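Residue numbers (the working numbering), protein chains in the order written: chain D, 306 to 418; chain X, 4 to 117.
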Amino acid sequence: EAGVAQSPRYKIIEKRQSVAFWCNPISGHATLYWYQQILGQGPKLLIQFQNNGVVDDSQLPKDRFSAERLKGVDSTLKIQPAKLEDSAVYLCASSFGGRNTIYFGEGSWLTVV
Amino acid sequence: GESVGLHLPTLSVQEGDNSIINCAYSNSASDYFIWYKQESGKGPQFIIDIRSNMDKRQGQRVTVLLNKTVKHLSLQIAATQPGDSAVYFCAESPANQAGTALIFGKGTTLSVSS
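Below you can see the structure in the form of structure tokens.
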């Protein structure tokens with residue numbers, strides 16, 4: 306079974322530029338999450354989708370971050386404009402929903418210089 | 004806000020020893036707990052989970068113990084191997100939040116020497 310796919314794996318941008326990350330969840334998984342993991346810390350939730358609807362985006366910095374899952378399958382996370390403190394790994398995860406196991410992708414590593 | 008924490012940032016063991024990684028949580032509304040293993044450059048990998056109606060759950064070489072009285076979670080790894088070297092995170096899922104997302108602690112780095 307294919308896992309959660311993410312791209313790009315690595316990205317270096319200058320501050321104030323924009324960047325977009327793509328995620329394709331495990332087939333059949335209705336729930337999709339985006340997490341931010343700063344070096345040395347545990348992942349922190351940015352947004353949770355159930356199919357194409359937002360369940361929880363309370364921790365998403367909406368002035369610069371946006372995410373969508375228009376057709377309820379793959380998802381895009383965008384940052385515009387980027388700040389130095391956005392340097393982190395952006396992890397996508399998915400599950401069947403409810404309290405089922407959440408599986409993570411390998412992450413997209415962002416460096417803002 | 005409330006979050007999951009870990010008692011020790013690092014743990015060093017010899018190959019073949021048993022490892023115990025501890026975690027304290029503070030949200031009494033949490034009813035689902037998971038342990039993840041994260042190797043360098045990779046995403047978190049599911050190890051084992053436990054629900055609040057259980058005290059103990061066993062997997063292959065791993066056991067998770069849950070003590071709801073003192074809000075404590077532990078991961079026991081039997082016969083630790085060099086391949087077990089990684090950062091281990093415990094995560095909780097509070098029943099009183101909007102979604103089903105996990106709240107992670109800071110992690111314990113396990114180093115296994117042969």
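Just so you know, even glycine gets a beta-carbon here, dropped at the ideal spot from N, CA and C. None of these values were measured; they are calculated from a predicted model.
Those residues which DSSP pairs with residue i across a bridge
{"i": "X/Phe-92", "result": "X/Tyr-39"}
{"i": "D/Glu-373", "result": "D/Thr-381"}
{"i": "D/Ala-310", "result": "D/Asn-329"}
{"i": "D/Ala-398", "result": "D/Tyr-338, D/Phe-409"}
{"i": "X/Gln-48", "result": "X/Lys-40"}
{"i": "X/Thr-13", "result": "X/Thr-112"}
{"i": "X/Asn-25", "result": "X/Ser-77"}
Residue i (DSSP reduced to helix, strand or coil)
{"i": "X/Glu-18", "result": "coil"}
{"i": "D/Asp-368", "result": "coil"}
{"i": "X/Pro-85", "result": "helix"}
{"i": "D/Leu-389", "result": "helix"}
{"i": "X/Val-67", "result": "strand"}
{"i": "X/Arg-54", "result": "strand"}
Beta-carbon proximity of residue i to residue j, cut-off 8 Å
{"i": "D/Pro-330", "j": "D/Val-359", "result": "no"}
{"i": "D/Ser-413", "j": "D/Lys-316", "result": "yes"}
{"i": "X/Asn-25", "j": "X/His-75", "result": "yes"}
{"i": "X/Tyr-91", "j": "X/Leu-105", "result": "no"}
{"i": "D/Asn-357", "j": "D/Gly-377", "result": "yes"}
{"i": "D/Val-418", "j": "D/Glu-319", "result": "yes"}
{"i": "D/Leu-351", "j": "D/Ser-399", "result": "no"}
{"i": "X/Gly-102", "j": "D/Asp-361", "result": "yes"}
{"i": "X/Asp-20", "j": "X/Ile-37", "result": "no"}
Enclosing beta strand (DSSP E) for residue i [first to last residue]
{"i": "X/Ala-32", "result": "Here X/Ala-32 belongs to no beta strand (DSSP E), and DSSP marks it neither H nor E."}
{"i": "D/Arg-404", "result": "First-last for D/Arg-404: undefined, no H or E at that position."}
{"i": "X/Val-73", "result": "Note, X/Val-73: premise wrong, no beta strand (DSSP E); not H, not E."}
{"i": "D/Val-359", "result": "358-361"}
{"i": "D/Gln-353", "result": "349-355"}
{"i": "X/Gln-118", "result": "What is shown of chain X runs 4 to 117, which leaves residue 118 of chain X out entirely."}
{"i": "D/Lys-316", "result": "315-318"}
Contacts around residue i, its chain only, beta-carbon distance under 6 Å, and the 5 residues preceding and following it disregarded
{"i": "X/Glu-42", "result": "Ala-89"}
{"i": "X/Thr-13", "result": "Thr-112"}
{"i": "X/Lys-140", "result": "Because chain X spans 4 through 117 in this model, residue 140 of chain X falls outside it and cannot be assessed."}
{"i": "D/Leu-389", "result": "Lys-320, Val-417"}
{"i": "X/Ser-117", "result": "Glu-18, Pro-85"}
{"i": "D/Ser-371", "result": "Lys-383"}
{"i": "D/Phe-326", "result": "Leu-382, Tyr-395, Ser-413"}
Distance cut-off 7 Å: residue i Cβ against heavy atoms of the ligand FAD
{"i": "D/Asn-405", "result": "Only the bare structure without any ligand can be found here, which leaves the ligand FAD out of the picture."}
Beta-carbon proximity list for residue i, same chain, < 7 Å, skipping 5 on both sides
{"i": "D/Gln-385", "result": "Ser-323, Arg-369"}
{"i": "D/Pro-313", "result": "Ser-413"}
8 Å CB neighbourhood of residue i in its chain, flanking five on each side removed
{"i": "X/Ser-114", "result": "Thr-13, Leu-14, Ser-15, Val-16, Ser-88"}
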